[in-house]
Amino acid sequence: MVRTIIVDSTVTARIKRSDVIDNARIQPGDVIVGLASSGQAAYEVAYNGGMVVMVLHLQGMIFFQNSRTKIP
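Note that the numbering used here has the sequence shown beginning at 21, numbered continuously upward.
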C-alpha cells in the first residue's frame with residue numbers, strides 16, 4: 021500500500037440555472053481552461069504523473085491479477 025495523506029475539499033454553491041455553463045451553451049470563441057496535475061513538487065523525489073492513488077491501486081490490482089499465486 022502506498023503511504024500517503026489525501027488532502028481534499030468539496031465546494032458547493034447555489035447559482036441561477038441561467039448562469040450554469042453546459043455543453044449546449046459553449047460557443048466558438050469561448051475559452052476552456054484545464055490545469056495539469058502532473059509534474060514534480062519540491063518534496064517529491066520523482067516525476068508525478070498526476071494519477072490519483074486509487075487509480076494506482078486499481079492499476080496494480082489489474083496488473084497483478086494474473087500473476088498472483090492461488091492458495092487453495
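From the three backbone atoms N, C-alpha and C, an ideal C-beta is built for every residue, glycine too. What you are looking at is a predicted structure, and each value in this text was computed from that prediction instead of being measured.
| Check | Outcome |
| --- | --- |
| Beta-carbon contacts of G69 that lie in its chain and below 7 Å, excluding the five residues immediately before and after | S58 |
| Any non-hydrogen atom of the ligand SAM within 7 Å of R37 CB | No copy of the ligand SAM appears in this structure; indeed no ligand is present at all. |
| Straight-line Cα distance separating D42 from G54 | 16 Å |
| DSSP three-state assignment for G69, whether helix, strand or coil | coil |
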